[in-house]
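S.K.: Protein chains in written order, with the numbering used here: chain A, -11 to 158; chain B, 190 to 310.
Here a beta-carbon is modelled for each residue, glycine too, at the ideal position from N, C-alpha and C.
My questions will all concern the structure given below.
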């Protein structure tokens, strides 16, 4: 005999946990170039990068789109990587004036790799010898916002997070 | 305080206190993150589990405390401050020695007679 019970309500309706599908969507970031950095004065660690993204148009030709990547997670870090130990170049806990100055090191850099790790869905975006890591820290709390958001060249909006989920809008 | 290496830190283990951003994970899922509302319920998973390993990333001091398969991962979120302000990333009281291990912009060991509260110093 099988007993059925109601499932716990999904705290994030409409979101997906299909990580391979998300990875396919994020391939558009490959080679993207940072053209500017925006850090709001009331940032609390949040910031946005304006990216120049090359993409394939429906007619097969390449197009260029300028799109924002916005980091909303309160936990992220920019590390200078290289042959030695990684060094923290900027982090979400830093004060805003310093944060803005430190993040400008990304301007002019290209994205060389994007990874999302399991089970926590840390996002690692490589800019050559700099790595931006977004650490999700919200998984089971309703009404939480995404950890980061990317506007695609198609103008659809990807929201990654909170936690191990994503959604596309628009 | 004297500087200790990550290898030395791993040798001496005891309860810890004070983490600014962290996540509790099993091998295949996340039990809780530091911004979640029901933290106590998640942390109850750690009750009675031994701390079996500590992995410290040199440079950033990102640390994973392994409680017999449940991993408590911590995320340092401050760049070392040139003005000398320090932010405790975590504190670890060592077993019966009276010493406390402090991770801020570096890894140090000292006496726990008046340990600093986690956070800005």
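Could you tell me how far apart the beta carbons of residue 31 of chain A and residue 87 of chain A are, in whole angstroms, since I believe they sit closer than 8 angstroms?
M.R.: At roughly 7 angstroms, the Cβ-Cβ gap stays under 8 angstroms, so residue 31 of chain A and residue 87 of chain A are in contact.
S.K.: Please list, in chain order, the residues of the segment 119 to 141 of chain A that have any C-beta partner in chain B closer than 9 angstroms.
M.R.: Against chain B - using a Cβ distance shorter than 9 angstroms - the residues of the segment 119 to 141 of chain A are 121, 123, 124, 125, 126, 127, 128, 129, 130 and 132.
S.K.: What does the alpha-carbon distance come out to for the pair residue 114 of chain A and residue 244 of chain B?
M.R.: Those two C-alpha atoms are separated by around 23 angstroms.
S.K.: Enumerate in chain order the residues of its own chain whose CB-to-CB distance from residue 239 of chain B is below 8 angstroms, with the five nearest sequence positions on each side excluded.
M.R.: Correct list, in chain order: 256 and 257.
S.K.: Might you give, ordered along the chain, the residues of its own chain that have their beta carbon closer than 6 angstroms to the beta carbon of residue 58 of chain A, omitting 5 neighbours on each side?
M.R.: These residues qualify, in order along the chain: 36 and 137.
S.K.: With respect to the beta strand (DSSP E) encompassing residue 77 of chain A, which residues constitute its N-terminal and C-terminal limits?
M.R.: Its beta strand (DSSP E) spans residues 75 to 79.
S.K.: The beta strand (DSSP E) that contains residue 39 of chain A, what's its start and end?
M.R.: First-last of the beta strand (DSSP E) with residue 39 of chain A: 35 to 44.
S.K.: Spell out the partners DSSP gives residue 145 of chain A in its beta bridges.
M.R.: Paired residue(s): A/139 and A/157.
S.K.: Anything in chain A within Cβ reach of residue 217 of chain B, meaning under 8 angstroms, just list it in chain order.
M.R.: Here the neighbours are 106 and 107.
S.K.: Look at the Cβ atom of residue 10 of chain A, then the Cβ atom of residue 99 of chain A, and state whether they are nearer than 9 angstroms.
M.R.: No, they are not a contact pair.
S.K.: Tell me whether residue 98 of chain A sits in a helix, a strand or coil according to DSSP, three-state version.
M.R.: Looking at residue 98 of chain A - three-state DSSP - the assignment turns out to be strand.
S.K.: Quick check: the Cα distance between residue 210 of chain B and residue 279 of chain B, rounded to an integer number of angstroms?
M.R.: In a straight line, the C-alpha of residue 210 of chain B is about 10 angstroms away from that of residue 279 of chain B.
S.K.: If you reduce the DSSP assignment to three classes, tell me which class residue 89 of chain A lands in.
M.R.: Residue 89 of chain A: helix per DSSP, three-state reduction.
S.K.: Would you give the residue range spanned by the beta strand (DSSP E) that residue 11 of chain A belongs to?
M.R.: It is not in any beta strand (DSSP E) - residue 11 of chain A instead sits in the alpha helix (DSSP H) that spans 7 to 14.
S.K.: From residue 153 of chain A to residue 283 of chain B, what distance separates their C-alpha atoms?
M.R.: Distance between the alpha carbons of residue 153 of chain A and residue 283 of chain B: 38 angstroms.
S.K.: Give the secondary structure of residue 118 of chain A by DSSP, where H, G and I count as helix, E and B as strand, and everything else as coil.
M.R.: Strand at residue 118 of chain A.
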